[in-house]
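Chains as they are written, first to last, in the working numbering: chain X, 316 to 622; chain B, 7 to 271. Every residue gets a Cβ at the ideal spot worked out from N, C-alpha and C, and that includes glycine. Just so we're clear, the structure is a prediction, and the values are computed from it rather than from any experiment. Worksheet for the structure shown next.
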Amino acid sequence: MTALQASTPWRKTAAFLARFGLTGRMLVIAVPMIWLLVFFLLPFLVVLKISMAEPMIARPPYSPLFVDGSIKATIGNYAYLWEDTLYINAYWSSIKIAFFSTVLALLIGYPMSYYIARTPEPKRSLLLLLIVLPFWTSFLLRVYAWIGILKTKGVLNMLLMKMGVIDQPLIIMQTDVAVYIGIVYTYLPFMILPLYANLVKLDDALLEASADLGAGPISTFFRITIPLSLPGIIAGSMLVFIPAIGEFVIPALLGGPDTLMIGKVLWNEFFSNRDWPVASAVAIAMLVLLVIPIMLLRMAQSKGGDT
Amino acid sequence: MKRGLFLPIVSFLGFLFLYIPIVSLVIFSFNKSKLVTVWGGWSTKWYGELLNDPQILGAAWISLKIGVVSATLATVLGTIAAMVLTRFGRVRGRGLLTGMVTAPLVMPEVITGLSLLLLFVAMEATFGWPAGRGMLTIIIAHTTFCMAYVAVVVQSRLVDMDDSIEEAASDLGAKPMRVFFDITLPMIAPALISGWLLSFTLSLDDLVIASFVSGPGASTLPMVIFSKVRLGVTPEINALATLIVAVVAIGISISWFFMRKKVKT
Chain X
316 MTALQASTPW RKTAAFLARF GLTGRMLVIA VPMIWLLVFF LLPFLVVLKI
366 SMAEPMIARP PYSPLFVDGS IKATIGNYAY LWEDTLYINA YWSSIKIAFF
416 STVLALLIGY PMSYYIARTP EPKRSLLLLL IVLPFWTSFL LRVYAWIGIL
466 KTKGVLNMLL MKMGVIDQPL IIMQTDVAVY IGIVYTYLPF MILPLYANLV
516 KLDDALLEAS ADLGAGPIST FFRITIPLSL PGIIAGSMLV FIPAIGEFVI
566 PALLGGPDTL MIGKVLWNEF FSNRDWPVAS AVAIAMLVLL VIPIMLLRMA
616 QSKGGDT
Chain B
7 MKRGLFLPIV SFLGFLFLYI PIVSLVIFSF NKSKLVTVWG GWSTKWYGEL
57 LNDPQILGAA WISLKIGVVS ATLATVLGTI AAMVLTRFGR VRGRGLLTGM
107 VTAPLVMPEV ITGLSLLLLF VAMEATFGWP AGRGMLTIII AHTTFCMAYV
157 AVVVQSRLVD MDDSIEEAAS DLGAKPMRVF FDITLPMIAP ALISGWLLSF
207 TLSLDDLVIA SFVSGPGAST LPMVIFSKVR LGVTPEINAL ATLIVAVVAI
257 GISISWFFMR KKVKT
């Protein structure tokens, strides 16, 4: 780097740029800024634009926005989403599935996080490692593994039948139950990590004070532990809820033909029906749905950050 | 002592829930029978078939190339973004950059994929680049969402780091570039490595975004796996999963071993 700084062409370029008021500092800022503007922000404007176009048999398959100097936009695609029950049902069903998966993940994740936070080192690091470890193996393959477990002649049914718990195999694959299992399984670590980060900071003195003042363990839990860990609960819940809303792989592999989720609808609209404008309108509708959870997440994270 | 038993039992069941699918993949990858639940004895024949499947091997090679390039680009861009956000003070556009760095983390993959594809199509229609879709467009897409992860990892390291050493270097007359390469970079190197590894894993694992922005002739490994497993359980894929689990387990054990050693000394 020293050689580069001393070299004349480098200095000359810097001097040349400085003449236009461009400093090295600004160039450094510009690199990630321009990349994200072009490949993250601009695409959304394109989606918004195409969501107001009409499908056409052409390449690309949508009508242009500017025709002879005038703007030609339509809200027809949004009206179509509103009128066709498929989209409304998919919307609600996504919210329902994401919501109940989040509740389930919280019910499993909270005791686990609490347990890990109360475990002494070095066992605690090992448990945390076990939570993070599945992240590093393929998500797709881990979801796929559930097919072998849940299907009619799968591991679970064989085991339960051998143990005499059931005589008829349970039909779980290709139902919403399988989708719930898949989502809770995949996103459980996302729930546990922020909860753990919060619970590990919980001051034992507060719990002791509460007990000294005569509160029972249940009362202490609901009046001290839960309120104090609220930022962790919100952050964890949103980290499960937000990706669950747009999930495609899990309903596609584990769900059945009547499992409606908005991510799957968008995928089919795009890949099967090749209706780009409607797919874009679905994407915009999904974004609107996510605004509140994303804001909640940011609030919880900034709250969790200063403690 | 009711609480004393409740927590360990729930946690044990939770860990069981997290690991049963992985364990079942590993066991059934050695099953001789093609039927998942019929145990036909131990066999490694699916590994042989896997290694002789040109479609899977080709896709794996493409995925590895995309993963290495995207992870490297994402690490460079994400580190710069993290530096700007932590060390540049109040610069114009900081709020916008913060938003754009964190938003990809919570964006549903279907939206990221669709929006990038529509961008690439519009760009090609307007000024002819990128011509067609394939590895290049997948690399751009992966770099974009991976750099957000790198930025978060590096940012937290930069915030925790004592910046008085950097200040000392610049007080002693080192130019900003020199301070960065001689002081900051070596100190944040571990964060860069974990950011790179995380990006590489995310890129290697991505099905949805790659499916949108890919073109003919550029099928990544997850795309091939997905098209195979959609038709049901495939023992070959079990073997592949086992190999991936083995690589990850070995990698984690090595880093665990080194970290423990470091702590001890």
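With a threshold of 7 Å between beta carbons, P136 (chain B) makes no contact with chain X.
Those residues of the stretch 499-522 of chain X placed with their C-beta closer than 9 Å to a C-beta in chain B are V499, Y500, L503, P504 and I507, ordered along the chain. A residue is called buried once 16 or more other Cβ atoms fall within 10 Å of its Cβ, and M348 (chain X) is buried on that count. In this chain, the alpha helix (DSSP H) harbouring Y500 (chain X) covers D491 to L514.
Relative to A596 (chain X), the option among X:V353, X:I423, X:N392 and X:A567 whose CA is nearest is X:N392. In the displayed model, W350 (chain X) falls within a helix according to three-state DSSP. Shown here, P196 (chain B) sits in a helix according to DSSP, grouped into three states.
The bridge partners DSSP lists for P370 (chain X) are X:Y377. I199 (chain B) sits exposed, since fewer than 16 C-beta atoms from the chains shown fall within 10 Å of its C-beta. Using a Cβ distance threshold of 7 Å, W582 (chain X) and Y377 (chain X) do not count as a contacting pair. Under the three-state reduction of DSSP, N37 (chain B) is assigned to strand. For T574 (chain X), no alpha helix (DSSP H) encloses it, and the DSSP letter there is neither H nor E. Proximity of chain X to M106 (chain B) at the Cβ level (cut-off 7 Å) is accounted for by L351, F355 and L356, in chain order. Contact between L522 (chain X) and T535 (chain X) holds: CB atoms are separated by about 6 Å, below the 8 Å threshold. The beta carbon of A567 (chain X) lies closer than 8 Å to those of K579 and W582 in the same chain, with the five residues before and after it left out.
For G257 (chain B), the closest C-alpha among the options X:V593, X:G339 and X:L448 is that of X:L448.
Among the residues facing chain X, P228 (chain B) is included, as its CB has a counterpart in that chain under 7 Å away.
Of the other Cβ atoms in all chains shown, 16 or more fall within 10 Å of the Cβ of P241 (chain B); this residue is therefore buried.
Residues of chain B with a Cβ closer than 7 Å to the Cβ of M348 (chain X) are, in chain order, G99 and L103. Chain X places no beta carbon closer than 7 Å to that of L142 (chain B), leaving this residue out of the contacts. In terms of CA proximity to D211 (chain B), B:S76 leads the group B:I15, B:L56 and B:S76.
C-alpha of E173 (chain B) to C-alpha of F94 (chain B): approximately 13 Å in a straight line.
For D211 (chain B), the nearest CB of chain X lies under 7 Å from its own CB, placing it at the interface with that chain. Inter-segment contact for the stretch 502-517 of chain X and the stretch 538-555 of chain X is present: three or more beta-carbon pairs are separated by less than 8 Å. W135 (chain B) sits in coil when the DSSP states are folded into three classes, being neither helix nor strand. Nearest CB-CB separation between Y406 (chain X) and chain B: not below the 7 Å threshold. Judged by pairs of C-beta atoms under 8 Å, the stretch 119-135 of chain B does not touch the stretch 42-54 of chain B, as fewer than three such pairs exist.
Distance from the CA atom of S225 (chain B) to the CA atom of F232 (chain B), rounded to whole angstroms, is 11 Å. In the structure shown, W461 (chain X) adopts helical secondary structure according to DSSP, grouped into three states.
The three-state secondary structure of W48 (chain B), taken from DSSP, is strand. Shown here for V214 (chain B): same chain residues with a beta carbon closer than 7 Å to its own, the five before and five after excluded, namely E115, V116 and G119 in chain order.
Relative to the Cα of F355 (chain X), the nearest Cα in the group B:P60, B:G99 and B:T149 belongs to B:T149.
Listed along the chain, the chain B residues whose CB falls inside 8 Å of the CB of Y429 (chain X) are L13. The alpha-carbon of S259 (chain B) is positioned some 27 Å away from that of G497 (chain X). Near chain B, meaning a CB-to-CB distance below 7 Å, the residues of the stretch 363-378 of chain X are I365 and P375. The Cβ of A175 (chain B) sits no closer than 7 Å to any Cβ of chain X.
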